[in-house]
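Chemist: Positions 1 to 78 (UniProt numbering) are the ones given, in order, by the sequence shown.
The beta carbon of each residue, even a glycine, is placed where N, CA and C say it ideally should be.
A quick note: this is a predicted structure, and the numbers were derived from the prediction, not measured.
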Amino acid sequence: MTLDEELDRIFTVRDRNDMQPTIDALLPILAEHPADARVLYEVGGAYDTAGQEQTAQSFYEQALHAGLSGDMLRRCYV
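Okay, here's the thing in structure tokens:
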């Protein structure tokens with residue numbers, strides 16, 4: 001399974017009312033890919049959805065510095 005497929009799988013089963021399982025699934029991927037812009041963005045998004053905006057902001061900023069592009073870049077600024 002590719003990294004993108006794994007991230008897509010995690011978000012397919014997420015529960016927006018309980019993001020902790022999603023965060024828990026993303027953290028090992030982050031440990032393996034700490035400079036990947038999409039991973040950083042998705043971790044930020046998970047924390048953002050969980051109501052942890054300050055934590056999310058840090059990951060969003062890292063994603064921007066890692067070269068986030070395309071639709072994810074646009075969504076990062078929204």
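How many Å lie between residue 35 and residue 63 at the Cα?
Modeler: 8 Å
Chemist: Does DSSP put residue 8 in a helix, in a strand, or in coil?
Modeler: helix
Chemist: By DSSP, does residue 18 sit in helix, in strand, or in coil?
Modeler: In the displayed model, residue 18 falls within a strand according to three-state DSSP.
Chemist: Is the beta carbon of residue 40 sitting closer than 9 Å to the one on residue 27?
Modeler: no
Chemist: Only counting runs of 4 or more residues, tell me where the alpha helix (DSSP H) segments fall wholly within the segment 25-57, in order along the chain.
Modeler: 37-49
Chemist: Under a Cβ-count criterion, where at least 16 other Cβ atoms within 10 Å of its own Cβ denotes burial, should residue 7 be classed as buried or exposed?
Modeler: buried
Chemist: Anyone know if the C-beta pair for residue 20 and residue 56 falls short of 9 Å?
Modeler: Here residue 20 is not near residue 56, since their CB atoms are 9 Å or more apart.
Chemist: Could you pull out every residue in the same chain whose Cβ sits closer than 6 Å to the Cβ of residue 43, ignoring the five residues on either side in sequence?
Modeler: 26, 30 and 59
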